[in-house]
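Chains as they are written, first to last, in UniProt numbering: chain H, 1 to 203; chain A, 1 to 203; chain U, 1 to 203.
What follows is a short report on a single structure.
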Amino acid sequence: MFIQIIEILGTFAFAISGVLVALEKRMDPFGVLIIAFVTSVGGGTLRDVLIGVTPVTWMLNMTYVYVILGATVFSIIFRKYLDYLRISLFLFDTIGIGLYTVVGIQKGLIMGLHPIICIALGTITACFGGVIRDILCNEIPVIFRKEVYATACILGGFAYFILRKLPIDDNIVFVISGSIVIAVRLIAVKFKISLPSLYKDEV
Amino acid sequence: MFIQIIEILGTFAFAISGVLVALEKRMDPFGVLIIAFVTSVGGGTLRDVLIGVTPVTWMLNMTYVYVILGATVFSIIFRKYLDYLRISLFLFDTIGIGLYTVVGIQKGLIMGLHPIICIALGTITACFGGVIRDILCNEIPVIFRKEVYATACILGGFAYFILRKLPIDDNIVFVISGSIVIAVRLIAVKFKISLPSLYKDEV
Amino acid sequence: MFIQIIEILGTFAFAISGVLVALEKRMDPFGVLIIAFVTSVGGGTLRDVLIGVTPVTWMLNMTYVYVILGATVFSIIFRKYLDYLRISLFLFDTIGIGLYTVVGIQKGLIMGLHPIICIALGTITACFGGVIRDILCNEIPVIFRKEVYATACILGGFAYFILRKLPIDDNIVFVISGSIVIAVRLIAVKFKISLPSLYKDEV
């Protein structure tokens, strides 16, 4: 129940982040909806396709569809006022990636995959919706350039596998490692920490 | 038999629309072929992968491959005269999306998916070949910005599920809802109707 | 054993080619790693997804992951000196596409697919890592424009199916057709042969 509420908030925030990018590109309502959809469920969809869980998750659970439709209509109508929600949306989004990371890791564990692959699946679940959104909008994905986003997922993922070796209840492992993802992202944004961009001296 | 002819005409028209975009980007013959291929079968391929029907359809039916190869060679040779075929190609293309939409819906029904998901699958089948084409050509997909294309598919999809509740033969449901897709697109192009592009006032 | 060494060299060279493109785009270390990964395993991943072999190959074999991680760290550290390795990298890369092409063909044969589809799968395995890399970096894929890369794979693929009809040992068919891919590419690069880019006279 608690997890479902978080999942809905995360889906909602992801969808709105998609709407905001689509509006900047002056898309029509259909384009805005697709971008909202892809941002929300794209990461989980890619994960499902790579591990062979089909039909992919969102096709079997109409909650995602309704939340994304609602978020899109809501944010198209109130598009001039979305800036006032910026902090709430940022928090939902951050909670969403924490949850998505752990959900992705657990799907990998169910398939019996290696911990590093599970962490990759968690990171894909949390981050690749945004990557596909940026590709569809003809941008180099923002998380490849300046966001501490994937790094938070990877650190939370390692925490998950360390905690799992200790005599701790599975639910607590879930909550702590998800919280680490959230904390790393909040701290990085608060203190403007990001990975340095790399380049060769002579280009 | 009748449906197969339509499918071949649609595949042919989709392939040529891919060739035209690839020529504008001055690709080499291999690039042109890939873009033709992706435009024709990309939507159905994405649908198959999402619902787990693999190997994807075109790998099991060489007709697609031969039609696309033929369309590519034809349109490379006659590339200077393709403008004369514009109206025929537009008609084939429009008939193709009508057919592809209903085919996609039916694949969703076979998997036991919710009507809204089926409509999404129909729209993906008809429209996402063009989306992948535009991504490979480094453009924002045209259907997100100005084409009444997806909207026609969605309206036809709703018609399909309304008609299906009536005591009508399945084949007639198929033909009518496909025709609605075609009619909506023809009317929209004829009267230059499109969805408004959205943006925030202050950008 | 011999094949595994070639595969590791190919994976290594592909990963570094990804790093080089990512550095030009001034990505952060995470972005560089993802591009290296996608360049190395993207083609095989797309092939696996299209034919329904899941979880995809690299998730079940940690060798790929370690080689790519190693190649990425190596080439980030020595990024200023990579130019000195240009010829070695080009050779590894070329050997890699020869191997990947034949591996892809054989996966198609195992699924009982038509020879033309098998050749397409070989070409996808060898070339689409680079295609996905270029899309993520917001470029029109280079192989659609000027590289004799796919052409080499296709020629090697036809050779494979011609040789297979002769009374020759399977391993020798493997080696000869892979070598043809390598030879065509080397000759094309040496003599600066490429397919002409196509365009309509009036644009």
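Beta carbons are placed, not taken as given, at the ideal position from N, Cα and C, and that holds for glycine.
- Listed along chain A, the residues sitting closer than 7 Å to V49 (chain U) by beta-carbon distance are V49.
- For chain A, the residues of the UniProt domain "Glycine transporter" (5-79) of chain U that bring a beta carbon within less than 9 Å of one of its beta carbons are V49, L50, I51, G52, V53 and T54, in chain order.
- Residues of the stretch 133-154 of chain A that bring their beta carbon within less than 8 Å of a beta carbon in chain U comprise I135, L136, C137 and N138, in sequence order.
- In the three-state reduction of the DSSP assignment, V32 (chain A) falls in the helix class.
- Assigned with DSSP and collapsed to three states, R145 (chain U) falls in coil, not helix or strand.
- The CB of L195 (chain A) comes closer than 8 Å to the CB of D28, P29 and F30 in chain H, given here in chain order.
- From the beta-carbon of L109 (chain A), no residue of chain H is found nearer than 7 Å; the closest lies around 12 Å away.
- With a threshold of 8 Å between beta carbons, I180 (chain U) makes no contact with chain A.
- One thing to note: V142 (chain U) has its Cβ no nearer than 8 Å to the Cβ of S194 (chain U).
- Residue environment: F37 (chain U) is assigned as buried (16 or more neighbouring CB atoms within 10 Å of its CB, all protein chains considered).
- Taking 8 Å as the cut-off, the beta carbon of V19 (chain H) is found closer than this to the beta carbon of V32 (chain H).
- Look at I116 (chain A): its C-beta is under 8 Å from a C-beta on chain H.
- Leaving aside the five residues that flank T94 (chain H) on each side, the residues in its chain whose CB is nearer than 7 Å to its CB run, in chain order, I182, R185 and L186.
- Taking each of U:V102, U:V173 and U:L69 in turn and checking the Cα distance to C153 (chain U), the smallest one comes out for U:V102.
- Considering only A:T39, A:N138 and A:L60, the residue with the shortest C-alpha distance to G96 (chain A) is A:T39.
- Taking a 10 Å sphere around the C-beta of F78 (chain H), we find fewer than 16 other C-beta atoms and assign the residue as exposed.
- The alpha helix (DSSP H) runs of length 4 or more contained entirely in the stretch 48-88 of chain H are, from start to end of the chain, 62-77.
- Membership of P115 (chain A) in the alpha helix (DSSP H) is indicated by the continuous run P115 to L136.
- Across the structure, S17 (chain H) and L109 (chain U) are spaced so that their CA atoms are roughly 44 Å apart.
- Apart from sequence neighbours up to five positions away, the residues of its chain that approach P115 (chain U) with a beta-carbon distance below 7 Å are F161, ordered along the chain.
- In the DSSP assignment, F174 (chain A) falls within the alpha helix (DSSP H) that extends over D170 to K190.
- Here F128 (chain A) is not near M27 (chain H), since their CB atoms are 8 Å or more apart.
- Proximity to L82 (chain H) across H:T125, H:R47, H:V49 and H:V21 peaks at H:V21, based on C-alpha coordinates.
- Any Cβ of chain U closer than 8 Å to the Cβ of L89 (chain H) would place that residue at the interface, and such an atom is absent.
- Each residue's CA atom was taken as its position, placing D169 (chain A) and V175 (chain A) some 10 Å apart.
- I124 (chain U) places its beta carbon 8 Å or farther from that of L198 (chain U).
- Nearest neighbour of S88 (chain H) by Cα position, chosen from H:E139, H:G10 and H:F191, turns out to be H:G10.
- Judged by their CB atoms, G157 (chain A) and I119 (chain A) are nearer to each other than the 8 Å cut-off.
- Remark: C-beta atoms of G43 (chain H) and W58 (chain H) do not approach each other more closely than 8 Å.
- For K165 (chain A), the enclosing alpha helix (DSSP H) starts and ends at A150 to K165.
- Contact between N138 (chain U) and E139 (chain H) is confirmed by a C-beta separation of about 7 Å, below the 8 Å threshold.
- In chain order, T39, S40, D93, G96 and G129 place their CB closer than 7 Å to the CB of F14 (chain A), counting only its own chain and leaving out the 5 sequence neighbours on each side.
- With contacts defined by Cβ atoms closer than 8 Å, I35 (chain H) and L136 (chain H) form a contacting pair.
- Here F191 (chain A) is exposed: its Cβ has fewer than 16 other Cβ atoms, across all protein chains shown, within 10 Å.
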